[in-house]
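Numbering (the numbering used here), first residue to last: 235 to 366.
(1) Based on Cα-Cα distance, which residue from 297, 296, 270, 293 lies nearest to residue 284?
(2) Rounded to whole angstroms, how far is the Cβ of residue 263 from the Cβ of residue 293, which I believe are closer than 8 Å?
(3) Please determine, among 340, 361, 359, 353, the residue with the shortest C-alpha to C-alpha distance to residue 321.
(4) In whole angstroms, give me the CA-to-CA distance for residue 360 and residue 280.
(5) Going by beta-carbon coordinates alone, are residue 177 and residue 337 separated by less than 9 Å?
(6) Mapping the DSSP letters down to three states, classify residue 339 as helix, strand or coil.
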């Protein structure tokens, strides 16, 4: 598959995704960038570390913005997103692998939970056999 075809596929995936699937894509992107940042710290590649942590922070901020203040669980999720963001700042300013791991673990938990929500929603909408 050529790069151009792959980019078209990715763009189409985003444009046709449900809101739940878009959130899942954000979690997956955040996980990817945190892992890239971990590798960059190991390689002492400060520029790549900074770039990838900033991308992860942008995703966390987007997740924060999309929270609905009318939904009661928002009051429980927002502090966790804020903690993740603080861990990313700590990792970026101090090359702190433990802070990155902490952020990665929380985002992975969110992703896994959200993946199950999307799966259950699909089951309700389309019957059994829906996969994420």
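For every residue, glycine included, the Cβ atom is placed at its ideal position computed from N, Cα and C.
Result, derived from the coordinates:
(1) 270
(2) 6 Å
(3) 340
(4) Approximately 46 Å, taken between the alpha carbons.
(5) Given that the chain is displayed from residue 235 to residue 366, the structure contains no residue 177 and the question cannot be resolved.
(6) helix
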